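Participant: When you number the sequence shown by my numbering, it's gap-free, plus one each residue, and the end is 278. Okay, handing you the structure first.
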Amino acid sequence: MRLRLTQGDWRLFENTMGDPIRPASMEVTALPVTKNIVDEIDTPELAEACRAQDTRNLGYRAFKRAFDIVFSLIVIAVALVPCILLAIVIAVDTKGFPIYSQERVGRLGKSLPFYKFRTMVADADDVEKYLNREQLEEWRLEHKVTNDPRITRLGSVLRKTSLDEIPQFVNVLLGQISVIGPRAITREELPNFGSDVYKLLSVPQGITGAWQVGPRNEATFQNGQRQLAELGYAEHASLKVDVEIFLATFGVMFKNKTGR
Numbered sequence: 019m020r021l022r023l024t025q026g027d028w029r030l031f032e033n034t035m036g037d038p039i040r041p042a043s044m045e046v047t048a049l050p051v052t053k054n055i056v057d058e059i060d061t062p063e064l065a066e067a068c069r070a071q072d073t074r075n076l077g078y079r080a081f082k083r084a085f086d087i088v089f090s091l092i093v094i095a096v097a098l099v100p101c102i103l104l105a106i107v108i109a110v111d112t113k114g115f116p117i118y119s120q121e122r123v124g125r126l127g128k129s130l131p132f133y134k135f136r137t138m139v140a141d142a143d144d145v146e147k148y149l150n151r152e153q154l155e156e157w158r159l160e161h162k163v164t165n166d167p168r169i170t171r172l173g174s175v176l177r178k179t180s181l182d183e184i185p186q187f188v189n190v191l192l193g194q195i196s197v198i199g200p201r202a203i204t205r206e207e208l209p210n211f212g213s214d215v216y217k218l219l220s221v222p223q224g225i226t227g228a229w230q231v232g233p234r235n236e237a238t239f240q241n242g243q244r245q246l247a248e249l250g251y252a253e254h255a256s257l258k259v260d261v262e263i264f265l266a267t268f269g270v271m272f273k274n275k276t277g278r
């Protein structure tokens, strides 16, 4: 297996024969919301089903957690003062609390508060106030919107540089997520993974991952490419893959910053 991290080929996880690795039960198109899956969040039954899908060895898991603790402590220590100043600027730029918290689903189906610097207007959750009909449909399917009118000017800069993600290192330090892993998703997004949701939630979710370092605007739930990337990582998580994603993340950040 090798990992390709290029804009031209979204088939990130391939075997030595070049055939894309794809979980057999994964549907290409988005599935309707399944109430049963959503209702399983924070239950022992879901946790056990996810734990049974975790094929990572103990040594890798221990090293990954140690790295998460050390790296998150370094980032928090270095970024603390700049983050305080940034929080003040956000609060002055648009009224509202500078840190945004949203419930996401983490490893073993446990709900967690997902922290980010606020990049949208304070009442962004009132989607019908800001989005037109086409944008509302895109939001319903992907939980993201092209040219989202709710994003502030400062928020646009924070997103392009990924600085809005810094508060998530608190999540990492607390053991709720990892530096590298599938993106933590909302309850409503879980059914997009069908029965493979148990594999997805068998590993820690992350700040960066296979979806983030690839052409993620082209990888949607609708075309199945986002599921392919996230489930591919969950299936083949290893130190080698983590290192490649970690290094590729800096390339993506540099490209977003310079536009090159």
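Don't be surprised by glycine CBs; every beta carbon is placed ideally from N, CA and C. Bear in mind the structure is a predicted one, so any value in this text is a computation, not a measurement.
Looking at the strands, I want to know which residues DSSP matches up with Q120.
Facilitator: Taking the sequence shown and counting its residues from 1, one reaches residue 120 at position 102. BP columns for Q120 point to F132.
Participant: On the DSSP bridge assignment, give the partners of I87 in chain order.
Facilitator: Along the sequence shown, one-based indexing puts residue 87 at 69. DSSP lists no partner for I87.
Participant: What residues in its chain sit with their C-beta under 7 Å from that of A140, if we drop five residues either side in the sequence?
Facilitator: Residue numbering aside, residue 140 sits at position 122 when the sequence shown is read from its first letter. Result list for A140: T112, K113 and G114, in chain order.
Participant: Among D72, I59 and R171, which residue has its Cα nearest to the Cα of L221?
Facilitator: In the sequence shown, counting from the first residue as 1, residue 221 sits at position 203. Sequence check: residue 221 is Val here, not Leu. Closest option to V221, Cα to Cα, is D72.
Participant: May I ask which residues mark the beginning and end of the beta strand (DSSP E) holding L112?
Facilitator: Counting from 1 along the sequence shown, the entry for residue 112 is found at position 94. At residue 112 the sequence reads Thr, which differs from the Leu that was named. Taken as a continuous stretch (DSSP letters only), T112 belongs to no beta strand (DSSP E), as it is neither H nor E.
Participant: Could you tell me the alpha carbon to alpha carbon distance between E66 and R171, rounded to whole angstroms?
Facilitator: For this step, residue 66 is matched to residue 48 along the sequence shown. For this step, residue 171 is matched to residue 153 along the sequence shown. If I take the Cα positions, the gap works out to 44 Å.
Participant: Is it right to say P62 is buried, meaning 16 or more other beta carbons lie within 10 angstroms of its own, or is it exposed?
Facilitator: As a first step, residue 62 must be located in the sequence shown, where it is residue number 44. Label assigned to P62: exposed.
Participant: What span of residues does the beta strand (DSSP E) with V190 cover, start to end?
Facilitator: The sequence position of residue 190 within the sequence shown is 172, counting from 1. No beta strand (DSSP E) contains V190, which is instead part of the alpha helix (DSSP H) from Q186 to L191.
Participant: Determine, using beta-carbon pairs with one atom in the stretch 209 to 216 and one in the stretch 130 to 144, whether at least three such pairs fall under 8 Å.
Facilitator: Short answer: they don't touch.
Participant: Between the beta-carbon of L98 and the beta-carbon of Q194, is there less than 8 Å?
Facilitator: As a working note, residue 98 is residue 80 in the sequence shown. As a working note, residue 194 is residue 176 in the sequence shown. No, the Cβ-Cβ distance between L98 and Q194 is not below 8 Å.
Participant: Which whole-angstrom value describes the C-beta separation of N189 and Y133, a residue pair presumed to lie in contact below a C-beta threshold of 8 Å?
Facilitator: The residue labelled residue 189 in the question sits at position 171 within the sequence shown. The residue labelled residue 133 in the question sits at position 115 within the sequence shown. About 6 Å separates the two Cβ atoms, so the contact holds.
Participant: Could you tell me if K147 is buried or exposed, where buried requires 16 or more neighbouring beta carbons within 10 angstroms of its beta carbon?
Facilitator: As a first step, residue 147 is located in the sequence shown; it is residue number 129 there, counting from the start. Flag for K147 reads exposed.
Participant: For D144, is the classification buried or exposed, using 16 other Cβ atoms within 10 angstroms of its Cβ as the cut-off for buried?
Facilitator: The sequence position of residue 144 within the sequence shown is 126, counting from 1. Classification of D144: exposed, given that the 10 Å Cβ count is below 16.
Participant: What residue range does the alpha helix (DSSP H) around I220 cover?
Facilitator: In the sequence shown, the residue the question calls residue 220 occupies position 202. This sequence places Ser at residue 220; Ile is not what is there. Premise fails: S220 is in no alpha helix (DSSP H) and is neither H nor E.
Participant: Taking the alpha carbon of A237 as the point to measure from, which residue in E160, A95, S90 and A109 has its own alpha carbon closest?
Facilitator: Counting from 1 along the sequence shown, the entry for residue 237 is found at position 219. Out of E160, A95, S90 and A109, E160 has the C-alpha closest to the C-alpha of A237.
Participant: Beta-carbon within less than 8 Å of P185's beta-carbon, same chain only, minus the 5 sequence neighbours each way: which residues are those?
Facilitator: Here residue 185 refers to the residue found at position 167 when the sequence shown is read from its first residue. So the qualifying residues of the chain are C101, I117, Y133, K134 and F135.
Participant: Would you call the CB atoms of L191 and I87 closer than 8 Å?
Facilitator: On the sequence shown, residue 191 is found 173 positions in, with the first residue counted as 1. On the sequence shown, residue 87 is found 69 positions in, with the first residue counted as 1. Yes, the pair counts as a contact, with Cβ atoms nearer than the cut-off.
Participant: According to DSSP, is S43 helix, strand or coil?
Facilitator: For the purposes of this step, residue 43 is taken as the residue at position 25 of the sequence shown. Unreliable positioning characterises S43 in this predicted model, as indicated by a pLDDT of 42, which lies under 50. A coordinate reading is not provided.
Participant: Counting only the same chain and skipping the five closest in sequence on each side, list residues whose C-beta sits under 7 Å from that of R205.
Facilitator: Within the sequence shown, the letter at position 187 stands for residue 205. For R205, where only same-chain residues beyond five positions count, the Cβ hits under 7 Å are V56, I59 and V123.
Participant: So within the stretch 135 to 209, which uninterrupted alpha helix (DSSP H) runs reach at least 4 residues, ignoring any that extend past its ends?
Facilitator: As far as the stretch 135 to 209 is concerned, its whole alpha helix (DSSP H) runs of at least 4 residues are 145 to 148, 151 to 160, 171 to 179 and 186 to 191.
Participant: Please report how far the alpha carbon of G227 lies from the alpha carbon of P200, in whole angstroms.
Facilitator: As a working mapping, residue 227 is identified with position 209 in the sequence shown. As a working mapping, residue 200 is identified with position 182 in the sequence shown. Rounded to whole angstroms, G227 to P200 spans 6 Å at the Cα level.
Participant: At which residues does the alpha helix (DSSP H) containing P62 begin and terminate?
Facilitator: As a working mapping, residue 62 is identified with position 44 in the sequence shown. That run of the alpha helix (DSSP H) goes P62 to R69.
Participant: Measure the beta-carbon distance from G232 to A247 and round it to whole angstroms, keeping in mind my assumption that it falls under 8 Å.
Facilitator: For the purposes of this step, residue 232 is taken as the residue at position 214 of the sequence shown. For the purposes of this step, residue 247 is taken as the residue at position 229 of the sequence shown. With 8 Å as the limit, G232 and A247 qualify as a contact, their Cβ atoms being about 6 Å apart.
Participant: Output the boundary residues of the alpha helix (DSSP H) element that contains A247.
Facilitator: Position 229 of the sequence shown, counting from 1, holds the residue named residue 247. Here the alpha helix (DSSP H) through A247 covers Q243 to H254.
Participant: Rank Y251, V270 and F239 by C-alpha distance to the C-alpha of R158 and give the top, closest one.
Facilitator: Position 140 of the sequence shown, counted from the start, is the residue given in the question as residue 158. Residue F239 is the option with its Cα nearest to R158.
Participant: With the cut-off set at 8 Å, would you say G224 and S196 are in Cβ contact?
Facilitator: For the purposes of this step, residue 224 is taken as residue 206 along the sequence shown, with counting starting at 1. For the purposes of this step, residue 196 is taken as residue 178 along the sequence shown, with counting starting at 1. In contact: G224 and S196 (Cβ atoms closer than 8 Å).
Participant: Going by the CB atoms, is the gap between I198 and D260 shorter than 8 Å?
Facilitator: Taking the sequence shown and counting its residues from 1, the one referred to as residue 260 is at position 242. Taking the sequence shown and counting its residues from 1, the one referred to as residue 198 is at position 180. For D260 and I198, yes; Cβs fall inside 8 Å.
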